[in-house]
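A quick write-up on the structure given underneath.
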Amino acid sequence: MDTATTQDRKSAELEIVTFRALREGPPYKEASGWRQAPAVVIDMLLHLLAGLIVAGLTGAESWSFFVTLVTAYVVASFVHRVLLRRWWGVTIGGGLFGLRWVESGTGRRPTLGWFAWAWLIGSLVTVLTVLTGG
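Once you know that position 36 of the sequence shown is 36 in the numbering used here, the rest is easy, because the numbers rise by one and skip nothing.
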């Protein structure tokens with residue numbers, strides 16, 4: 001891969017688009033928030049369900065239940081939103097609502113590193129929002 005291609009890939013803009021827009025080709029129109037929000041809620045509920053199952057199976061009580069729940073939630077979130085999204089191309093919620101992250105110019109999936117970075121930033125923003133009540 002030459003330097004220009006690598007530079008283009010690094011500076012590519014990413015968008016959440018519908019499967020239909022992806023089939024129609026560039027330029028891609030970003031999916032509406034009305035489609036994105038329920039997909040995110042479904043994904044978060046799946047992560048919570050995974051956390052509750054793991055915490056329940058460990059038989060932990062009180063404080064240790066909470067710690068196990070949060071740990072399992074974070075692991076499920078990372079595996080689902082980073083590893084499985086890179087492998088499948090979508091999360092379960094995104095698939096149900098026909099949404100996918102793509103590079104706006106090419107339609108290619110983002111890299112594993114990009115997904116990991118986006119997950120980390122999104123998780124930090126979520127935690128800060130919850131802690132500040134805002």
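All residues carry an ideal CB built from backbone N, CA and C; glycine is no exception.
Cβ shell of residue i (< 7 Å), same chain only, five flanking positions each side left out
i, result
"ARG108", "VAL102"
"ALA76", "HIS47, ALA50, GLY51"
Local conformation of residue i per DSSP, three classes
i, result
"GLY18", "It is Thr, not Gly, that sits at residue 18 in the sequence shown. Here THR18 sits in strand by DSSP."
"GLU61", "coil"
"GLY95", "helix"
"LEU128", "helix"
"ARG85", "helix"
C-beta atoms of residue i and residue j nearer than 8 Å
i, j, result
"ILE16", "LEU99", "yes"
"ALA39", "LEU83", "no"
"ALA60", "ALA72", "no"
"SER123", "LEU14", "no"
Per DSSP, cross-strand counterpart(s) of residue i
i, result
"GLU103", "LEU14"
"GLU30", "VAL17"
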